[in-house]
């Protein structure tokens, strides 16, 4: 018995109400609602003290409190587990990132995409590495995504000590970062504009036979473009010829195919980073659970053995129907709780819950607030409906989302006009600036193909 204890001893405070209940029952027995000379004929039993019922209730209450207090005779040792999902974003900071085949240039788009991708990760650990001629740690593994996001806008080829392109050194540094944290499975996400044959061979040797996955977001094109330096001049070779930076998409595809990742080229919307994030979640390539050296000592709750004893004193209450009333009450309050069954929530509150659950189509039908309805329609992929909903609204956010919906439908002229109106009233609207550049580039490409 030396190991005996109560897991939830505070339940014994509930015994303090027993004297009060006893006193009330005694008072009621002496002071009935009916006059004594009438009660003698109409309710002869009402004047008699309900000793049996009070006794039953007292025993029932005592046994119930002891059961709720959780009597425990033994411990149950269980292993402790912790979630160790991890990934490292690898950023290419070679001079070729200044090439302008992706507008306004590859570097700008790479930084935007990194920020968008980081925003999609809500759990696990994330680190960041940047490379040019060598690789450097930008952020060690952390659960604080905002810290990494604050560093991204400052990344550029100009801050790299050595120029060049050595993606393999960055992959090695990312692997070392995770293994130092005792993590031996994880995702490498490379945002780069090229992987040449030598780099591919070296990365192959690093990843072969291991559990790391490699996904790549290609920020560049096979046709390539000159490298426009911040000074305004074009990067030239030693012979004086303008350097054209081309992207080897074939090498990138082969690497991701070999190491369980996914490959995508940069897009003018967020479909590229959303694809990477959803793919990594779907295949569950990271180590979701790792057993730690520690263990958890949990007490075994033996209170359930007292449940049969609760029925014995309760038998005396069957005559009055108390048990059945209590059971009906429990059943009535145990119905499943759904968003639509809650009469206390407004349509917008229900819609917001559906939106949080990513059921955007149902959320759009539920919302009465037009701006939220338009956003939900957009997220559901119904861009035409989103445009119709948002075009009657005048807020800056509504106009921005209206322009996005128009761009998604290929209505580039209208979208450009909306972005320009936003920038006229708010020149610092970074996302409007970014999307305006992307849509203008898409429009030019469309015109060239016609």
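Numbering (the numbering used here), first residue to last: 5 to 454. Quick reminder that beta carbons are idealized off the backbone N, C-alpha and C, glycines included.
Given a threshold of 16 other Cβ atoms within 10 Å of its Cβ, counted over all protein chains shown, does residue 283 qualify as buried or as exposed?
buried
Output yes or no for whether 9 angstroms exceeds the beta carbon distance between residue 119 and residue 156.
Yes, the Cβ-Cβ distance between residue 119 and residue 156 is below 9 angstroms.
Of all the alpha helix (DSSP H) runs that stay within the bounds of the segment 223-290, which reach a length of 4 or more residues?
253-262, 275-287
Tell me which residues share the same chain as residue 430 and place their Cβ nearer than 7 angstroms to its Cβ, disregarding the 5 neighbours each side in the sequence.
If the five residues before and after residue 430 are omitted, its C-beta is found closer than 7 angstroms to the C-beta atoms of 400, all from its own chain and listed in chain order.
In chain order, what residues of the same chain lie with their CB nearer than 7 angstroms to the CB of residue 395, ignoring the 5 residues before and after it?
These residues qualify, in order along the chain: 406.
Who pairs with residue 143 in a beta bridge, going by DSSP?
Answer is 132.
Helix, strand or coil: which one does DSSP assign to residue 90?
strand
Give the DSSP-derived three-state secondary structure of residue 10 in the structure shown.
Residue state, collapsed to three classes: strand.
Determine the direct distance from the alpha carbon of residue 267 to that of residue 218, and round the result to whole angstroms.
Rounded to the nearest whole angstrom, the C-alpha separation of residue 218 and residue 267 is 9 angstroms.
With distances taken Cα to Cα, identify the nearest neighbour of residue 444 among 432, 251, 424, 433.
Taking only the C-alpha atoms, the option nearest residue 444 is 424.
Within 10 angstroms of its Cβ, does residue 436 collect 16 or more other Cβ (buried), or is it exposed?
buried
Quick one: grab the DSSP three-state call for residue 384.
Residue state, collapsed to three classes: coil.
Determine the direct distance from the alpha carbon of residue 170 to that of residue 273, and round the result to whole angstroms.
The alpha-carbon atoms of residue 273 and residue 170 are separated by roughly 29 angstroms.
Please say whether residue 90 and residue 129 have beta carbons closer to each other than 9 angstroms?
yes
Would you say the segment 131-138 touches the segment 248-260, given that touching needs at least three Cβ pairs under 8 angstroms?
The segment 131-138 makes no contact with the segment 248-260, as fewer than three CB pairs between them are under 8 angstroms.
Please give me, in chain order, every unbroken run of the beta strand (DSSP E) with length at least 3 that falls completely inside the segment 95-133.
none
Looking at the unbroken beta strand (DSSP E) that takes in residue 196, where does it start and where does it end?
190-196
Could you pull the start and end residues of the alpha helix (DSSP H) that residue 186 belongs to?
Per DSSP, residue 186 belongs to no alpha helix (DSSP H) and is neither H nor E.
Mark residue 311 as exposed unless 16 or more other C-beta atoms lie within 10 angstroms of its C-beta, in which case mark it buried.
exposed
Could you tell me if residue 215 is buried or exposed, where buried requires 16 or more neighbouring beta carbons within 10 angstroms of its beta carbon?
exposed
For residue 45, which of helix, strand or coil comes out of DSSP?
Per-residue confidence for residue 45 stands at a pLDDT of 42, beneath the threshold of 50, marking its modelled position as unreliable; the derived number appears in the next sentence. Here residue 45 sits in helix by DSSP.
Using only CA atoms, which one of 285, 73, 159, 250 lies nearest to residue 2?
What is shown of the chain runs 5 to 454, which leaves residue 2 out entirely.
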